[in-house]
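According to the working numbering, the stretch in the sequence shown is residues -15 to 48, in order.
For glycine and all other residues, C-beta sits at the position ideal for the given N, C-alpha and C.
Here is the structure we will look at.
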Amino acid sequence: MSGSNVRLSVFNILGREISDLANQVINPGSYEYEFDASDLSSGIYYYILQSGEYKISGKMVLVK
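See below:
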């Protein structure tokens, strides 16, 4: 199996990208990414995971 380019990005509530956790060719499988939010304020953040035509987004709530 060949890999495909995968991009995982985190955005603030204004839509500004604050982290690019992955932007590389990855082989099929299961992966985990750690997100260092120590410099961020409490609030709502969004992520987008994209690979080829597949795209999913979600909301995260950061409470400090």
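Beta-carbon contacts of residue -5 that lie in its chain and below 8 Å, excluding the five residues immediately before and after: Here residue -5 refers to the residue found at position 11 when the sequence shown is read from its first residue. Contacts found: 1, 2, 29, 30, 31, 32.
Local conformation of residue 48 per DSSP, three classes: Start at 1 with the first residue of the sequence shown, and residue 48 comes out as number 64. Note: residue 48 maps to coil in three-state DSSP.
Cutoff 9 Å: residue 24 Cβ touching any chain C Cβ: Reference to chain C is not applicable here, since this structure consists of a single protein chain.
For residue 14, the nearest candidate out of 44, -13, 45 (CA to CA): In the sequence shown, the residue the question calls residue 14 occupies position 30. The shortest Cα separation from residue 14 among 44, -13, 45 belongs to -13.
Beta-carbon separation (whole angstroms), residue -3 vs residue 27, contact threshold 8 Å: If you number the sequence shown from 1, residue -3 lands on position 13. If you number the sequence shown from 1, residue 27 lands on position 43. The C-beta distance from residue -3 to residue 27 rounds to 6 Å, short enough to fall under 8 Å.
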